[in-house]
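Asker: Numbering (the working numbering), first residue to last: 23 to 328.
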């Protein structure tokens, strides 16, 4: 199949925001956009379905209107539509496997807060083998860029710089797919990449052992320096592979989720990882990814890794 970015749409404002974000990403990547809508027959159709239309007819009409809107807003973009009578989670996971990445919408909690992740989007993010980007309702081109002079929209001045990309990095379990996705996102936007690494101090009982020089740096400046060196070493080959990307590192003691949410306040995109693992209760999203999906104000990309 033709390389593409997929967007799950359902006729809602958050679905439309996801479609537009996916369209802009497809333009950045030079790929097609695939709009995917999954519907299940219901004895009582949703209120959004007119009384004189079937669910299938409404789905096809909604896809056609959204497709026309994407082509009108993004000149030269190739748009593919796909309507499937299937459970949304299964249909979106199947779409993700065929795409470079999948984009989903979410209702914003407020104008400055994060997401309300429904059961469908949360289950897809937790199970998708491909990167998934979650976009708030109301997200637009201007939100990805710094403010233009005199209040002119970035749509009118394409060279208005993008806001930075933020990457959450765990040096204990660095992941090539995650790091490469973040560097590539920054390169495509010609914007800096901010790498955030947060660490917790050793437990009190362990700190006693670490006082001995042979056991490594004690808690404090030396421990911070150790983590800073680990971040630099982890990023070195990626900085060589992407020399055009300016990288800044933020290494701090604290909770990773809180640091990432704070750093994402002025970001175009936040990139976090999700370890691929099965638990007794099924797939697991992870506490950091779960927190940023609910509270980050910018789009969040979740990248699966081993």
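From the three backbone atoms N, C-alpha and C, an ideal C-beta is built for every residue, glycine too. Since the structure is predicted, the reported quantities are computational estimates derived from the model, not experimental observations.
Residue 102 by DSSP, collapsed to three states: which one?
Answerer: Counting from one through the chain shown, the residue named residue 102 turns up at place 80. Collapsing the DSSP output to three states places residue 102 in a strand.
Asker: Per DSSP, which residues does residue 38 bridge with? Please list them.
Answerer: Translated into positions along the chain shown, residue 38 becomes position 16. Looking at the DSSP assignment, residue 38 forms no beta bridge with any residue, so it has no partner.
Asker: For residue 28, which residues from the same chain have a beta carbon less than 6 Å from its beta carbon, with the 5 sequence-adjacent residues on both sides left out?
Answerer: In the chain shown, residue 28 corresponds to position 6, counting from 1. So the list reads 56, 58, 117, 121 and 124, once near-sequence residues are dropped.
Asker: Just the C-alpha distance for residue 34 and residue 243, rounded to the nearest angstrom, thanks.
Answerer: Residue 34 sits at position 12 when you count from the first residue of the chain shown. Residue 243 sits at position 221 when you count from the first residue of the chain shown. Computed Cα separation, rounded: 50 Å.
Asker: State the beta-bridge partners of residue 203 as determined by DSSP.
Answerer: Residue numbering aside, residue 203 sits at position 181 when the chain shown is read from its first letter. According to DSSP, which records beta bridges pairwise, residue 203 is partnered with nothing at all.
Asker: Is residue 286 helix, strand or coil by DSSP?
Answerer: For the purposes of this step, residue 286 is identified with residue 264 of the chain shown, where counting begins at 1. Three-state DSSP puts residue 286 in a helix.
Asker: Flag this pair as yes or no: are the beta carbons of residue 218 and residue 40 separated by less than 8 Å?
Answerer: Within the chain shown, numbered from 1, the residue matching residue 218 stands at position 196. Within the chain shown, numbered from 1, the residue matching residue 40 stands at position 18. The answer is no: Cβ separation not under 8 Å.
Asker: Excluding the five sequence neighbours on either side, which residues of its own chain have a C-beta within less than 6 Å of the C-beta of residue 256, listed in chain order?
Answerer: Position 234 of the chain shown, counted from the first residue, corresponds to residue 256. Around residue 256: 193 and 196.
Asker: Please work out which residues of its chain come closer than 8 Å, Cβ to Cβ, to residue 167, disregarding the five sequence neighbours upstream and downstream, and give them in chain order.
Answerer: Along the chain shown, one-based indexing puts residue 167 at 145. When the five nearest sequence neighbours on each side are left out, the beta carbons in the same chain lying within less than 8 Å of the beta carbon of residue 167 are those of 176, 182, 183, 184, 185 and 290, in order along the chain.
Asker: In its own chain, which residues sit with a C-beta less than 8 Å from the C-beta of residue 4, not counting the 5 before and 5 after it?
Answerer: The displayed coordinates of the chain run from 23 to 328. Any statement about residue 4 would go beyond what the structure contains.
Asker: For residue 208, which residues in the same chain have their Cβ closer than 7 Å to its Cβ, ignoring the five residues on either side in sequence?
Answerer: In the chain shown, the residue the question calls residue 208 occupies position 186. Only 187, 214, 215 and 267 meet the Cβ criterion.
Asker: Please report the straight-line C-alpha distance between residue 287 and residue 318, rounded to a whole angstrom.
Answerer: Here residue 287 corresponds to residue number 265 of the chain shown, with the count starting at 1. Here residue 318 corresponds to residue number 296 of the chain shown, with the count starting at 1. For residue 287 and residue 318, the distance between alpha carbons rounds to 7 Å.
Asker: Helix, strand or coil for residue 296 per DSSP?
Answerer: As a position in the chain shown, residue 296 is number 274, starting the count at 1. Residue 296 falls in the strand class under three-state DSSP.
Asker: Would you check if the distance between the CB atom of residue 269 and the CB atom of residue 250 is smaller than 8 Å?
Answerer: Locating residue 269 in the chain shown gives position 247, where the first residue counts as 1. Locating residue 250 in the chain shown gives position 228, where the first residue counts as 1. Going by C-beta atoms, residue 269 is not nearer than 8 Å to residue 250.
Asker: Go ahead and label residue 150 buried or exposed: buried means 16 or more other beta carbons lie within 10 angstroms of its beta carbon, across all protein chains shown.
Answerer: In the chain shown, counting from the first residue as 1, residue 150 sits at position 128. Counting Cβ neighbours within 10 Å, residue 150 comes out buried, since at least 16 surround it.
Asker: Whole angstroms are fine: how far does the CA of residue 98 sit from the CA of residue 24?
Answerer: Position 2 of the chain shown, counted from the start, is the residue given in the question as residue 24. Position 76 of the chain shown, counted from the start, is the residue given in the question as residue 98. Distance between the alpha carbons of residue 24 and residue 98 is about 16 Å.
Asker: Which of the three DSSP states, helix, strand or coil, is assigned to residue 91?
Answerer: Here residue 91 is taken as the residue at index 69 of the chain shown, counted from 1. Helix.
Asker: Where does residue 246 fall in DSSP's three states?
Answerer: Counting from 1 along the chain shown, the entry for residue 246 is found at position 224. Three-state result, residue 246: helix.
Asker: Span of the alpha helix (DSSP H) holding residue 163?
Answerer: On the chain shown, residue 163 is found 141 positions in, with the first residue counted as 1. Where residue 163 is concerned, the enclosing alpha helix (DSSP H) starts and stops at 163–166.
Asker: Taking C-beta to C-beta, are residue 258 and residue 220 nearer than 8 Å?
Answerer: Sequence index remark: in the chain shown, residue 258 carries index 236 (1-based). Sequence index remark: in the chain shown, residue 220 carries index 198 (1-based). The answer is no: Cβ separation not under 8 Å.
Asker: Which value, in whole angstroms, describes the spacing of the CA atoms of residue 31 and residue 111?
Answerer: In the chain shown, counting from the first residue as 1, residue 31 sits at position 9. In the chain shown, counting from the first residue as 1, residue 111 sits at position 89. So the two alpha carbons sit approximately 12 Å from each other.
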